[in-house]
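Each protein sequence line maps, in turn, to chains A and B.
Each residue of the first sequence is one higher than the one before, counting from 1 in the working numbering.
Each residue of the second sequence is one higher than the one before, counting from 1 in the working numbering.
Positions of the beta carbon are idealized from the N, C-alpha and C atoms, including for glycine.
Worksheet for the structure shown next.
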Amino acid sequence: MKINTIGYFFREAFASLRRNGWMALASASTAAVALMILGASLLVVLNTDYFAATVESEVEIAVFLNDKVDAQRAFDIGEEIKRVPGVREARFVSKDDALAELKKNFEQKRGVLDTLGENNPLPDKYRVKVDKPEQVRPAADKFGTIEGVAKVKYGQGVVEKLFAITKWVRITGLVVMGLLALAAIFLISTTIRLTVFARRREINIMKYLGATDWFIRWPFILEGIILGLLGSLVAVLVLYFAYDNLNQALLQSFPFVPMQRDMSIILKVYELIIGIGVGLGAIGSMISVRRFLKV
Amino acid sequence: MIAMFNVSKTYDNGVKALIDVNVQIKKGEFVFLVGPSGAGKSTFTKLLFREETPSRGHIMVNGVNLVRMKNKEVPYLRRKIGVVFQDFRLLSTKTVYENVAFALQIAETSNREIKKIVPAALEMVGLSQRADDLPSSLSGGEQQRVGLARAIVNKPMMIIADEPTGNLDPDTSWEIMKLLDDINKMGTTVVMATHAKDIVDAMQKRVIAMENGKVVRDEQKGAYGYEN
Ligand SMILES: Nc1ncnc2c1ncn2[C@@H]1O[C@H](COP(=O)(O)OP(=O)(O)OP(=O)(O)O)[C@@H](O)[C@H]1O
Ligand SMILES: [Mg+2]
Chain A
1 MKINTIGYFF REAFASLRRN GWMALASAST AAVALMILGA SLLVVLNTDY FAATVESEVE
61 IAVFLNDKVD AQRAFDIGEE IKRVPGVREA RFVSKDDALA ELKKNFEQKR GVLDTLGENN
121 PLPDKYRVKV DKPEQVRPAA DKFGTIEGVA KVKYGQGVVE KLFAITKWVR ITGLVVMGLL
181 ALAAIFLIST TIRLTVFARR REINIMKYLG ATDWFIRWPF ILEGIILGLL GSLVAVLVLY
241 FAYDNLNQAL LQSFPFVPMQ RDMSIILKVY ELIIGIGVGL GAIGSMISVR RFLKV
Chain B
1 MIAMFNVSKT YDNGVKALID VNVQIKKGEF VFLVGPSGAG KSTFTKLLFR EETPSRGHIM
61 VNGVNLVRMK NKEVPYLRRK IGVVFQDFRL LSTKTVYENV AFALQIAETS NREIKKIVPA
121 ALEMVGLSQR ADDLPSSLSG GEQQRVGLAR AIVNKPMMII ADEPTGNLDP DTSWEIMKLL
181 DDINKMGTTV VMATHAKDIV DAMQKRVIAM ENGKVVRDEQ KGAYGYEN
């Protein structure tokens, strides 16, 4: 393709946008709204995942040892635990350590603990962490079968519930995003359809003069891409400020709520939205031009 | 150059526009297509630049079989054929110059070439002074001259004109015929469908007469042969 021709494509695309100024503006802004909601859903999904990951990574499995287990066996159990797939760390907490920790945590209510005297009712245990939240349950089940293990405890129920919620949010988010992508394609293709329709006579003449289909298509595709790009830039700008403000507000009032603050990930989301806007614009115009190329 | 072998065209609605047409046209010929309305003249011309494909038979243009031609090759065929219409088909938003340059842009000619070719073409049709005007400010004859300039800029092997003088008064028609004759004298084949008895009778070119989709007469230096 010659530089000439590319220049021609851009001139045609911008001339057409100028001719349909208001229509173009309307479709770019409706596309912006659609992309904004799409981006917001994406951010919600992202944060739900982040929240779940944060909570899940805190989930710890406590493996209580039998009272009669001696030091050597306790050590062996630790080795066996570490051999279970997915186990990241297994820290031994002796009954004395556990009591000391308990005492530290209940500094003010010392009296209650003092009544224990020299008796330590706490068992030895291992605190185990796994790599992935979905490994919690199978790992816990495995630990239960190790000889000398009395009891295995973890946030039973919580993990499963968290799983269900994130799955649900993810599916809803995807459905919402899919619908909005379709809406954006529809909006842009409608605008392009109008400009193609207004220029069907010109397209017809171009075909008689020996224009290839791509030569006819490109200016319209560029027009769609420009509309999608404008829409997505507006959407990203709004999302950027909204997310930043929400982030600041949460940080002040509810600092314990985990929120994705890794800018490189957030920027990827914005890049993705711009990419989607451009892609939808191109697809929208391809759909509209197709019908008019048959001469 | 052009050869039609047993060509028939039946449109989707069942109308038999051409029936078993066999015609050969040599390079550099000037051919009039005549005949009553509905005889199939326009269909004949449309087959040549593959706006339509025949239902039966084969068409060779410059050694290429148009029936076997792939759709994506059609644009390149059309760049070698200049088409002129009764209704001019100029772009109303482009100037005279831009309309002519458009045919070259479509063929991806460089800007440098375009700047050389377009003024020469406008010169030839006598419209150099009107280069920056819009078609709407031109007379019918002038608009058709723009159409002719546009048809020749890609140096076509053939000009196909379907009633190019159909919307013009006699004097203006003659100006257009003079130009078509000039273009033909430079070696370009011309195929022209027309109802203009005076022109056909005066020019003494080959005449192919059609009736009801059939070729009924084909003579060198022929006459129109119908009463208008
Ligand atoms: N696209 C089409 N679909 C269906 N029928 C068509 C089509 N084009 C032409 N016809 C029919 O084919 C026949 C030949 O038409 P054509 O236009 O070739 O005639 P013509 O000789 O050019 O007539 P005129 O002198 O009026 O221009 C006519 O009966 C016409 O109605
Ligand atoms: Mg006709």
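Is B:A39 near ligand 1, going by C-beta to nearest heavy atom under 7 Å? Checking every heavy atom of ligand 1 against the Cβ of B:A39, one is found closer than 7 Å.
Distance, Cα to Cα, B:R78 vs A:I185? Near 34 Å, if we compare the C-alpha coordinates of A:I185 and B:R78.
With 16 other CB atoms within 10 Å as the buried threshold, where does B:E163 fall? B:E163 should be labelled buried.
For B:D162, is the beta carbon positioned less than 7 Å from some heavy atom of ligand 2? Under cutoff, so the answer is yes.
Tell whether a beta-carbon distance below 8 Å holds between A:V44 and A:V169. Yes, Cβ-Cβ distance for A:V44 and A:V169 is below 8 Å.
B:K155 to B:K205 span [Cα, whole Å]: Rounded to the nearest angstrom, the two C-alpha atoms are 22 Å apart.
CB of B:G82 within 8 Å of CB of B:A193, strictly: Contact: no.
Assess, as a yes-or-no matter, whether the segment 72–80 of chain A is touched by the segment 140–157 of chain A under the definition of 3 or more beta carbon pairs within less than 8 Å. These segments touch.
Terminal residues of the continuous alpha helix (DSSP H) containing B:Y226? Segment: none, B:Y226 is in no alpha helix (DSSP H) and carries neither H nor E.
With a cut-off of 8 Å, does the C-beta of B:A161 fall near any C-beta of chain A? No Cβ of chain A is located within less than 8 Å of the beta carbon of B:A161.
Under a Cβ-count criterion, where at least 16 other Cβ atoms within 10 Å of its own Cβ denotes burial, should B:A209 be classed as buried or exposed? With 16 or more Cβ atoms within 10 Å of its Cβ, B:A209 is classed as buried.
Rounded C-alpha distance that separates A:E271 from A:A34: Each residue's alpha carbon lies about 16 Å from the other.
Three-way DSSP call (helix, strand, coil) for B:T10 in this model: If DSSP states are grouped into helix, strand and coil, B:T10 belongs with the strands.
Mind listing the chain A neighbours of B:A107? Cutoff is C-beta to C-beta under 7 Å, in chain order. Residues of chain A with a Cβ closer than 7 Å to the Cβ of B:A107 are, in chain order, G210.
Other residues of its chain near A:I287: CB distance less than 6 Å, five sequence neighbours each side excluded: Counting only residues of its own chain and dropping the five nearest sequence neighbours on each side, A:I287 has a CB closer than 6 Å to the CB of S189.
B:P135 and B:N167: beta carbons closer than 8 Å? It is not a contact, given that the beta carbons lie outside the stated cut-off.
Neighbour list for B:V231 in chain A, Cβ cutoff strictly below 7 Å: Given a span of 1 to 228 for chain B in the structure shown, any question on residue 231 of chain B remains unanswerable.
Nearest CA to the CA of B:A101: which residue from A:M206, A:I276 and A:P219? The residue with the shortest Cα to Cα distance from B:A101 is A:M206.
Which residues in chain B have a C-beta closer than 9 Å to the C-beta of A:F10? List them in chain order. Those within 9 Å of A:F10 in chain B number zero; the least Cβ separation is about 13 Å.
A:P255, buried or exposed, once every other Cβ within 10 Å from all chains shown has been counted against 16: With fewer than 16 other Cβ atoms within 10 Å, it is exposed.
Any heavy atom of ligand 2 closer than 7 Å to the Cβ of B:A209? It does not: the Cβ of B:A209 is nowhere closer than 7 Å to a heavy atom of ligand 2.
Out of curiosity, what's the CA-to-CA distance linking A:D124 and A:Q135? The straight-line gap separating the alpha-carbon atoms of A:D124 and A:Q135 is approximately 23 Å.
Going by the DSSP bridge assignment, what does A:L65 pair with across the sheet? A:L65 is bridged by DSSP to A:V149.
Does ligand 1 have a heavy atom nearer than 7 Å to the CB of B:Y11? Yes - ligand 1 has a heavy atom lying nearer than 7 Å to the Cβ of B:Y11.
Strictly by DSSP, which residues pair up with B:L33? Here B:L33 is bridged, per DSSP, to B:A193 and B:I208.
Below-8 Å beta-carbon distance, B:N111 vs any chain A residue: Against chain A, the CB of B:N111 has a partner CB under 8 Å away; the residue lies at that interface.
Contacts around B:G222, its chain only, beta-carbon distance under 7 Å, and the 5 residues preceding and following it disregarded: The residues are R206 and V207.
Give the range of the beta strand (DSSP E) segment to which B:R68 is assigned. Counting along the chain, no beta strand (DSSP E) covers B:R68, and no H or E run does either.
Interface partners of A:K2 on chain B, CB under 8 Å: Taking a Cβ-Cβ cut-off of 8 Å, the neighbours of A:K2 in chain B comprise E108 and S110, given in sequence order.
With H, G and I counted as helix, E and B as strand and the rest as coil, what does DSSP make of B:D169? Under the three-state reduction of DSSP output, B:D169 falls in the coil class, being neither helix nor strand.
Within this structure, are the beta carbons of A:L233 and A:M23 separated by less than 8 Å? Pairing A:L233 with A:M23 gives a Cβ-Cβ distance that is not under 8 Å.
Can you tell me whether A:E223 is buried or exposed, with buried defined as 16 or more other CB within 10 angstroms of its CB? Buried, because 16 or more other Cβ atoms sit within 10 Å of the Cβ of A:E223.
Tell me the DSSP bridge mates of B:I81? In the DSSP output, where bridge partners are listed per residue, B:I81 has B:M158.
Within the same chain, show all residues whose beta-carbon is closer than 7 Å to that of A:Q260, passing over the 5 residues directly before and after it, in chain order. Counting only Cβ-Cβ distances below 7 Å, and skipping sequence neighbours, we find L46, N47, Y50 and I266.
Which of the three DSSP states, helix, strand or coil, is assigned to A:K125? Looking at A:K125 - three-state DSSP - the assignment turns out to be strand.
State the CB to CB distance for the pair B:A161 and B:V125, rounded to an integer number of angstroms; the pair is presumed to be in contact (CB under 8 Å). About 14 Å separates the beta carbon of B:A161 from that of B:V125, a gap too long to meet the 8 Å contact definition.
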